[in-house]
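Asker:
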Amino acid sequence: MPIAVAEIAGRLGLAARRFDIEVLPRCDSTNAVMLGRAEAGAPSGTVVVTEEQTAGRGRRGRTWFANPGDSLTFSLLWRFAPGTAPAGLSLAVGVAVARALERVGAGETALKWPNDILKQGCKLGGILVELVGDAPYSAVIGIGVNLRLPAGLPEDVRATSAAIGAPGVAVDANEVLAALLGELLATLDTFATQGFAAIRSEWLARHAYQNVPVRLSSDFGPPSEGICRGVDTDGALLLEVDRRVERILSGEVSLRPV
Ligand code: ATP
Numbered sequence: 037m038p039i040a041v042a043e044i045a046g047r048l049g050l051a052a053r054r055f056d057i058e059v060l061p062r063c064d065s066t067n068a069v070m071l072g073r074a075e076a077g078a079p080s081g082t083v084v085v086t087e088e089q090t091a092g093r094g095r096r097g098r099t100w101f102a103n104p105g106d107s108l109t110f111s112l113l114w115r116f117a118p119g120t121a122p123a124g125l126s127l128a129v130g131v132a133v134a135r136a137l138e139r140v141g142a143g144e145t146a147l148k149w150p151n152d153i154l155k156q157g158c159k160l161g162g163i164l165v166e167l168v169g170d171a172p173y174s175a176v177i178g179i180g181v182n183l184r185l186p187a188g189l190p191e192d193v194r195a196t197s198a199a200i201g202a203p204g205v206a207v208d209a210n211e212v213l214a215a216l217l218g219e220l221l222a223t224l225d226t227f228a229t230q231g232f233a234a235i236r237s238e239w240l241a242r243h244a245y246q247n248v249p250v251r252l253s254s255d256f257g258p259p260s261e262g263i264c265r266g267v268d269t270d271g272a273l274l275l276e277v278d279r280r281v282e283r284i285l286s287g288e289v290s291l292r293p294v
């Protein structure tokens, strides 16, 4: 079924009032489009969703692969009140995405710091949060989810990817998007008033690598290894190295189980 605003709004009920949803048949990157909309003054709750994303972005210039009909790719603009700190926002979004995907039948999901949704250890969805302005800041929240494994996924990426539905099983993008927006609304309202600290215990309960040996690799230095001890109240990764717990704040690292 094609993506349709009326279908999504019908499922959202009263919460639909908090969103202004636009469907684009095709675009390069919904985050790139939304950054433009944000600059032009679009209100909080603006959503851009596309049937076909041709140049999806991940962190550090990586590619997010999508295929029409197989993928759900969208961005949400959220404007925060003065005084709200952005620390931990992308982790809070991860909790909302995990809840929503479980609700629509994805099975059990887990979270990988800082921004991946996993199913049986493979990537089911990704999150790219880009902040706009400062004090008060706004966030462009980009989310990509595999409804089915996208056709044309490179072999190495396919090997580590997961999807909501098995091959050949129809998954309704409208139902998935409505569930995601509903959970995002609840989580972002909590985040805005109480910060990530109020969402942290649920993040930890879903953490894929709690107390597991991991390696952190970076483009800028040698990798470090340690035991993953979860995340701090501000979203920093806690890595135990030689019995000391280090806080990793930078998102410029990749985490892997050893
Ligand atoms: P890492 O997983 O190494 O920590 P990352 O979290 O920074 O990297 P992202 O920027 O979130 O990665 O996502 C981009 C990466 O995700 C790509 O390099 C590719 O390996 C993988 N990927 C891209 N498209 C998909 C997809 N549709 N499904 C699953 N994985 C994908």
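Add 36 to a position in the sequence shown, counting from 1, and you land on the number used in our numbering. Glycine residues also receive a C-beta, built at the ideal position from the N, C-alpha and C atoms. Note that the structure is a prediction, hence the values are computed from the model and not measured.
#1: Can you give me the C-alpha to C-alpha distance between Ala142 and Ile200, rounded to a whole angstrom?
#2: Residue range of the beta strand (DSSP E) that Glu211 falls in?
#3: Can you check which of these residues, Leu160, Ala134, Glu288, Val168, is closest to Asn182 by C-alpha distance?
#4: Please state whether DSSP places Ile200 in a helix, a strand or coil.
#5: Which same chain residues, not among the five before or five after Asp270, have their C-beta less than 7 Å away from its C-beta?
#6: Go ahead and pull the three-state DSSP assignment for Leu285.
#7: Does the distance between the C-beta of Ala102 and the nearest non-hydrogen atom of the ligand ATP fall short of 7 Å?
#8: Can you check the stretch 76-118 for any beta strand (DSSP E) of at least 3 residues that lies completely inside it and give the ranges in chain order?
#9: Quick check: the Cα distance between Arg47 and Ala187, rounded to an integer number of angstroms?
#10: Roughly how far, in whole angstroms, is the beta-carbon of Ala272 from the beta-carbon of Arg283, given that I think they are within contact range, below 8 Å?
#11: Within the same chain, show all residues whose beta-carbon is closer than 7 Å to that of Ala171, passing over the 5 residues directly before and after it, in chain order.
#12: Let me check you understand the geometry: is the CB of Gly26 closer than 7 Å to at least one non-hydrogen atom of the ligand ATP?
#13: Output yes or no for whether 8 Å exceeds the beta carbon distance between Glu166 and Leu108.
#14: Which partner residues does Gly72 have in the DSSP bridge list?
#15: In chain order, what residues of the same chain lie with their CB nearer than 7 Å to the CB of Ala52, ignoring the 5 residues before and after it?
#16: Which term fits Gly169, buried or exposed, when burial requires 16 or more other beta carbons within 10 angstroms of its beta carbon?
#17: Smallest Cα separation from Thr196: which of Thr229, Ala215, Ala228, Gly162?
Answerer: Answer, in terms of the structure:
#1: Counting from one through the sequence shown, the residue named residue 142 turns up at place 106. Counting from one through the sequence shown, the residue named residue 200 turns up at place 164. Taking the straight line joining both Cα atoms gives about 4 Å.
#2: Residue mapping note: residue 211 aligns to position 175 of the sequence shown, counting from 1. Counting along the chain, Glu211 falls outside any beta strand (DSSP E), though it belongs to the alpha helix (DSSP H) covering 209-230.
#3: Taking the sequence shown and counting its residues from 1, the one referred to as residue 182 is at position 146. The shortest Cα separation from Asn182 among Leu160, Ala134, Glu288, Val168 belongs to Leu160.
#4: What you label residue 200 is simply residue 164 of the sequence shown in a count that begins at 1. DSSP places Ile200 in coil when its eight states are reduced to three.
#5: Reading the sequence shown from its first residue, position 234 is the one you call residue 270. Same-chain partners within the cutoff: Ala123, Gly124, Phe232.
#6: Here residue 285 refers to the residue found at position 249 of the sequence shown. Coil at Leu285, not helix or strand.
#7: Taking the first residue of the sequence shown as position 1, residue 102 is located at position 66. Ala102: yes, Cβ under 7 Å from the ligand ATP.
#8: 82-89, 107-115
#9: Looking up residue 47 in the sequence shown gives position 11. Looking up residue 187 in the sequence shown gives position 151. Between Arg47 and Ala187, the C-alpha separation is close to 28 Å.
#10: Position 236 of the sequence shown, counted from the first residue, corresponds to residue 272. Position 247 of the sequence shown, counted from the first residue, corresponds to residue 283. So it is a contact: roughly 4 Å between Cβ atoms.
#11: Counting from 1 along the sequence shown, the entry for residue 171 is found at position 135. Cβ neighbours of Ala171 beyond the five flanking positions: Pro118.
#12: In this structure the chain extends from 37 to 294, so residue 26 is not present and cannot be described.
#13: Mapped onto the sequence shown, residue 166 falls at position 130. Mapped onto the sequence shown, residue 108 falls at position 72. Contact flag unset, no.
#14: Looking up residue 72 in the sequence shown gives position 36. Gly72 pairs with nothing; no bridge assigned.
#15: Here residue 52 refers to the residue found at position 16 when the sequence shown is read from its first residue. The answer, listed in chain order, is Ala45.
#16: Mapped onto the sequence shown, residue 169 falls at position 133. The residue is exposed, with fewer than 16 neighbouring Cβ atoms inside 10 Å.
#17: Here residue 196 refers to the residue found at position 160 when the sequence shown is read from its first residue. Of the candidates Thr229, Ala215, Ala228, Gly162, the one whose C-alpha sits nearest the C-alpha of Thr196 is Gly162.
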